[in-house]
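Novice: Number 63 in our numbering belongs to position 63 of the sequence shown; there are no gaps in the numbering.
We put the beta carbon where it would ideally sit given N, CA and C, even for glycine.
One structure follows; several queries about it will come next.
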Amino acid sequence: IVDIDVVLHTEKPTKLIDESIVAQKDFDAKCERSNHLCLMAMKRTIFKNILGGLPDTNNAKEFFTIVGQRYLVSNTARSLMSELMSMRYDGMGCVKEYILKLVSLQSNI
1 IVDIDVVLHT
11 EKPTKLIDES
21 IVAQKDFDAK
31 CERSNHLCLM
41 AMKRTIFKNI
51 LGGLPDTNNA
61 KEFFTIVGQR
71 YLVSNTARSL
81 MSELMSMRYD
91 GMGCVKEYIL
101 KLVSLQSNI
């Protein structure tokens, strides 16, 4: 389990042919095992309802990137929701503009 994250730090090995050297074959086997273990670990730590919304992939590096992108979107939604909940009409200006700003924030979430 020492090299579980090998696949996240290295490029995908090229396709092996019959003449491939032993070291290359060993590295490919290590990458395959690492990919399988990483995917299994990541998928088991994510709630099933969240996991259902993620695309199914057999590449750990790609899955890690997808989850990271979803987290960034979630972080943006959190800040927009916080701004929406903290907004108060101050009595100055038009009520219509205030409502339109609320609707705009809500649609961005």
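Do you know whose CA, among Glu83, Gly91, Val95, Lys30, lies nearest Asn108's CA?
Specialist: Taking the sequence shown and counting its residues from 1, the one referred to as residue 108 is at position 108. If we check each option's Cα against that of Asn108, Glu83 comes out closest.
Novice: Considering only residues of the region 31-83, which uninterrupted alpha helix (DSSP H) runs meet the minimum length of 4 residues and lie entirely inside it, listed in chain order?
Specialist: 48-51
Novice: With 16 other CB atoms within 10 Å as the buried threshold, where does Cys94 fall?
Specialist: Position 94 of the sequence shown holds residue 94. Answer is exposed; the Cβ neighbour count stays below 16.
Novice: According to the Cβ coordinates, are Ala60 and Val7 closer than 7 Å?
Specialist: Mapped onto the sequence shown, residue 60 falls at position 60. Mapped onto the sequence shown, residue 7 falls at position 7. Result yes, Cβ atoms of Ala60 and Val7 sit closer than 7 Å.
Novice: Return the residue from the list Arg88, Ser34, Ser79 that minimises the CA-CA distance to His9.
Specialist: Locating residue 9 in the sequence shown gives position 9, counting from the first residue. Each of Arg88, Ser34, Ser79 was checked against the Cα of His9, and the nearest Cα belongs to Ser34.
Novice: To the nearest angstrom, how far is the alpha carbon of Asp28 from that of Ile21?
Specialist: Residue 28 sits at position 28 when you count from the first residue of the sequence shown. Residue 21 sits at position 21 when you count from the first residue of the sequence shown. Between Asp28 and Ile21, the alpha-carbon positions lie close to 11 Å from each other.
Novice: Which value, in whole angstroms, describes the spacing of the CA atoms of Arg44 and Phe63?
Specialist: Residue mapping note: residue 44 aligns to position 44 of the sequence shown, counting from 1. Residue mapping note: residue 63 aligns to position 63 of the sequence shown, counting from 1. Using only the alpha carbons, I get a separation of about 13 Å.
Novice: Can you check which of these residues, Leu37, Tyr71, Val103, is closest to Leu51 by C-alpha distance?
Specialist: Taking the first residue of the sequence shown as position 1, residue 51 is located at position 51. The residue with the shortest Cα to Cα distance from Leu51 is Tyr71.
Novice: Between which two residues does the alpha helix (DSSP H) harbouring Ile4 extend?
Specialist: Sequence index remark: in the sequence shown, residue 4 carries index 4 (1-based). Segment: none, Ile4 is in no alpha helix (DSSP H) and carries neither H nor E.
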